[in-house]
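Notes to accompany the following structure.
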Amino acid sequence: MLQVFTPAGGLIRRFSAAAMVAVGAALAAVFAAFFGWLNKRTAASADAAR
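Numbering that gives the first Met the number 0 numbers the first residue of the sequence shown as 0 and each following residue consecutively.
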């Protein structure tokens with residue numbers, strides 16, 4: 000939307016693409032950390048049950 004009335008439209012588009020990639024990477028890292036923690040927790044409770 001910004002690129003309509005900014006001369007730096009290409010720059011903005013490139014920046015928003017990079018921002019989306021960064022957000023995607025951050026989300027992936029958060030999910031990986033969460034699932035790692037969940038895995039550790041379930042493994043620990045399985046050990047406790049054994």
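The beta-carbon is built from N, C-alpha and C at its ideal position, and this holds for glycine as well.
Is DSSP giving R13 helix, strand or coil here?
The count along the sequence shown starts at 1 and reaches residue 13 at position 14. Three-state result, R13: helix.
Using the three-state DSSP reduction, which class does R40 fall into: helix, strand or coil?
Working through the sequence shown from its first residue, we reach residue 40 at position 41. In the structure shown, R40 sits in a helix (DSSP, three-state: H, G or I).
Which value, in whole angstroms, describes the spacing of the CA atoms of A16 and R49?
What you label residue 16 is simply residue 17 of the sequence shown in a count that begins at 1. What you label residue 49 is simply residue 50 of the sequence shown in a count that begins at 1. Distance between the alpha carbons of A16 and R49: 49 Å.
What does the alpha-carbon distance come out to for the pair L26 and A47?
Numbered from 1 along the sequence shown, position 27 holds the residue referred to as residue 26. Numbered from 1 along the sequence shown, position 48 holds the residue referred to as residue 47. Distance between the alpha carbons of L26 and A47 is about 31 Å.
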